[in-house]
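Undergrad: Each residue of the sequence shown is one higher than the last, beginning at 1 in full-length UniProt numbering.
All residues carry an ideal CB built from backbone N, CA and C; glycine is no exception.
Note that this is a predicted model, so its numbers are computed, not measured.
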Amino acid sequence: MDTLATTTVDKTVSRQSVSRRFRRWCFGLDTLPSSSAESIVSRILLRARTESSDMNVVPDTSVVIDGRVSTAIADGQFEGATISVPEAVVAELEAQANDGIETGWDGLEELKRLADLADDGTIELEYVGERPNAIERGHASEGEIDALIRDLAEELGGTFLTSDVVQAEVAEAKGLEVERVSPEVRKVETLAVENYFDEATMSVHLKTGMVPMAKRGDLGEMHYEPIADEPLEEGTMDEYAREIVDAAKESPDGFLELSEPGMKIVQFRDYRIAIGRPPFADGIEITAVRPIAQTDIEDYENAAELKERLLERQRGVLISGAPGAGKSTFAQAVARFISTNDYAVKTMEKPRDLQVGPEITQYTELAGEMAKTADALLMVRPDYTIYDEVRKTDDFEVFADMRLAGVGMIGVVHATRPIDALQRLVGRVELGMIPQVVDTVVYIEAGEVNTVYDVRTEVKVPAGLTEEDLARPVIQVTNFQTGEPEYEIYTFNRQVVTVPLVDEEGGPGHESGVDRIAKQEIEREIRSIARGYVDVELKTQDRAVVYVEQDDISTVIGKGGGRITDVENRLGIDIDVRTHDENPHHGGGGAAGGTTANGRGGQAAGQLVTPEITSRHIVVPVDGNHGETVEVQAGGDYLFTATVSRGGEIQVSRGSAIADELEQAIDRTEPVTVVPSS
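1. If you measure between the beta carbons of V619 and E661, is that distance less than 8 Å?
2. Leaving aside the five residues before and after E549 along the sequence, list all residues of the same chain whose C-beta is less than 8 Å from its C-beta, in chain order.
3. Cβ-heavy atom distance between I149 and the ligand SAH below 7 Å?
4. How should H205 be labelled, buried or exposed, when 16 other C-beta atoms within 10 angstroms of its C-beta is the threshold for buried?
5. Within the continuous alpha helix (DSSP H) that includes I434, where are the two ends?
6. So, is P261 buried or exposed, given that buried needs 16 or more other C-beta atoms within 10 angstroms?
7. Can you round the beta-carbon distance between A274 and I265 to whole angstroms, since I take them to be within the 8 Å contact cut?
8. Here's a check: name, in chain order, each residue in its chain whose Cβ is nearer than 7 Å to the Cβ of Y127, leaving out the five neighbours to either side.
9. On the three-state DSSP scale, how would you describe F330?
10. According to the Cβ coordinates, are L108 and L93 closer than 8 Å?
11. As a quick exercise: from D383, R391, Y384, A304, pick the residue whose alpha carbon is nearest that of residue 686.
12. Rounded to a whole number of angstroms, what is the C-alpha to C-alpha distance between S203 and G326?
13. Reducing DSSP to helix, strand and coil, say where G606 ends up.
14. Report the three-state DSSP secondary structure of T555 (helix, strand or coil).
15. I believe D420 touches A331 by the beta-carbon criterion, under 8 Å. Please report the beta-carbon distance rounded to the nearest angstrom.
16. Can you tell which of V675, I101, E612 has its C-alpha closest to the C-alpha of D667?
17. Name the residue from G121, R269, K187, S653 whose alpha carbon lies nearest to the alpha carbon of R616.
18. With a threshold of 6 Å on Cβ separation, who are the neighbours of T669 within its own chain once the five nearest residues in sequence on each side are excluded?
19. Among N583, E130, E239, S320, which one has its Cα closest to the Cα of G411?
20. Flag this pair as touching only if the segment 242–252 and the segment 210–227 have three or more C-beta atom pairs under 8 Å; answer yes or no.
21. I need the DSSP call for Q314, collapsed to helix, strand or coil.
22. Can you tell me which of F268, A405, Y490, M409 puts its alpha carbon nearest to the alpha carbon of S251?
23. Along the chain, which unbroken stretches of the beta strand (DSSP E) at least 3 residues long are found entirely within the UniProt domain "AAA+ ATPase" (313–438)?
24. Please state whether DSSP places N479 in a helix, a strand or coil.
25. What are the start and end residues of the alpha helix (DSSP H) that includes R242?
26. What separation, rounded to the nearest whole angstrom, lies between the Cα atoms of N598 and K215?
27. Check each candidate in E628, T373, R113 and name the one with the smallest Cα separation from residue 727.
28. Among G408, L258, L148, which one has its Cα closest to the Cα of Q436?
29. Over what stretch of residues does the alpha helix (DSSP H) that includes E537 continue unbroken?
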């Protein structure tokens, strides 16, 4: 290159923006690939063009997403300036939008606003630089794209505009002219979805193409009903969804609890809002839920006893009930009560939607795991922790670990019966540890405390058994109000069983739970020996009669009665072995007579059927009872309830648990019967 050309270049371009390698190329001391030469020349021309402008602004990704560029222009700050948007910013926004990330769409909306301002002549808009390559995009989280944007701002000599603190600090350290704007925090008055609520509304359910629905009424008496006549259009739903997400980002009253492609969960004031989008959902759906009642613990039955129990020492409590029964409302009342009685209270929630005072810190998952939250909370040392909600095995394990560490734990659990909450611990926590993990179960129904159970361990002979050598550790579940035991949980013949001591109406049952368990265990033992049909009749709590086929008598009794004696010793019950002909209830036809293991006799055994096994189903043919609900039994044991088709059959898909049990019964040649459901 001659001297004149070199002088021209030196006059056009600031020496600070010309790389050392470019200078060497200019003086013929080095060579450059044609692509690099073209890139450098394009930057020279860009620099020359921007130097003629009064102001040049280079925004980064953060400020474009925030929408602060157009806001500053509207305020007159950058009017008439040249806005140079790096291609790296466009690439980053495009990638986010393709991944379904809301910020990508927000940034693209801002670029459209800048284009409109350029069309109006308010600013000059240009896209500069090169798109980042695959390697640079892959290292975006490590700052590669941010570095590209800063380098471009340095080459252009413009004002670097950002709302990212780290980006601003790095740019200032490198000598760039930086203008940092804080993310806009705006006061959100009312969301559009709030207009669907009234005083009696607990939740609003909106979906594209459907009329708005709501759950309204008093606790325990909610009704799901339409609240408008016209179905919602997709544009309206999209507008609602964007307003909710923007409010969560920009208002101090809200935050994003979960943000995944297709799913957002927002906590805004006292509303928990779930937003589903395709492809996760089949259409845009918004579900907004809020508490409709705030109670004190004094508003509940047995409040004095519950307060004394909670304050006596740190306890393990499960608050159970059906969805919408008022579990969280009661948990909030308990949290407020114990926090005002010299206890440090924290919560573990996902999402964080309990309505508690500012003195109670609400925690969520740490790095996506409640176990890590628990580790952190053990350093905080709370007296009580509210866990909302305990659902998966991991949740129960975390609950148990924290309780065994000495922290008082109050967990919220979905259950349709009081005992179900405790049974969910079985198999997840070692049986002997259950009373140490949970000593109180509170069942909520229709917003009221329905049942309170006290849970403790005793070494005793289970109710219904009499032999002293059958004593074992028994978890006794006692009704807190009456002081009467209602359930016992213990290990019986290598199985954990929950035995009700009263019937569903609260009184002693005609057949105790232990009687039913005893029958099932006797049948299981004898069936492992006999080849034919087995029937059991429990005479007393320690004596039973077993009816078997004539050919099985010697096999069941064994040489010198040794085999049946072993069974008696294992079960602790005297067993008399007889043939079916000696059964006074035997009516012929195998399972068509006799007393079954579930206590039904005579005609209750129903119709004897022969199932057919196909490649995909087990087909149970039924003569009559078309369209009726029936029970299917095998060897007198209840298997499942089903509805007979109009074609007179019941189909069970193979591979299911029910089908496996039915196939095993067929393999054992047990009679399969169909009994009309009572």
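TA: Well, looking at it:
1. Going by C-beta atoms, V619 is not nearer than 8 Å to E661.
2. A530, R531, G532, Y533, T579, H580.
3. Of ligands this structure carries none, so the ligand SAH is not represented either.
4. Buried: at least 16 other Cβ atoms inside 10 Å.
5. From DSSP, the alpha helix (DSSP H) with I434 extends over 434–437.
6. It is exposed - the Cβ of P261 has fewer than 16 other Cβ atoms within 10 Å.
7. Sure, about 5 Å apart at Cβ, within 8 Å.
8. Contacts found: V85, E87, V90.
9. DSSP places F330 in the helix class (H, G or I) of the three-state scheme.
10. Against a cut-off of 8 Å, the Cβ pair of L93 and L108 comes out as a contact.
11. Here the chain covers residues 1 to 678 and nothing more, so residue 686 does not appear.
12. Counting only the Cα atoms, G326 lies some 14 Å from S203.
13. In the three-state DSSP reduction, G606 falls in the coil class, being neither helix nor strand.
14. Three-state result, T555: helix.
15. That pair is no contact at about 18 Å.
16. Nearest option by C-alpha distance: E612.
17. Residue S653 is the option with its Cα nearest to R616.
18. Excluding the 5 residues flanking it on each side, T669 has no same chain C-beta neighbour closer than 6 Å.
19. Comparing Cα positions, the closest option is S320.
20. Contact between the segment 242–252 and the segment 210–227 is absent, because fewer than three Cβ pairs lie under 8 Å.
21. Taken through DSSP and simplified to helix, strand or coil, Q314 comes out as coil.
22. Measuring C-alpha to C-alpha distances from S251 to each of F268, A405, Y490, M409 identifies F268 as the nearest.
23. DSSP assignment within the UniProt domain "AAA+ ATPase" (313–438) yields the following whole beta strand (DSSP E) runs of 3 residues or more, N-terminal first: 316–321, 345–349, 361–363, 384–388, 408–414.
24. Assignment of N479 by DSSP, reduced to helix, strand and coil, places it in the strand class.
25. Taken as a continuous stretch (DSSP letters only), the alpha helix (DSSP H) holding R242 covers 234–250.
26. Reliability fails at N598, whose pLDDT of 38 lies under 50, so the model's placement of it is uncertain and the value that follows must be treated cautiously. Cα to Cα, the separation comes out at about 41 Å.
27. Limits of the chain in this structure are 1 at one end and 678 at the other, which puts residue 727 out of reach.
28. Of the residues G408, L258, L148, the one whose Cα lies closest to the Cα of Q436 is G408.
29. No alpha helix (DSSP H) contains E537, which is instead part of the beta strand (DSSP E) from 535–540.
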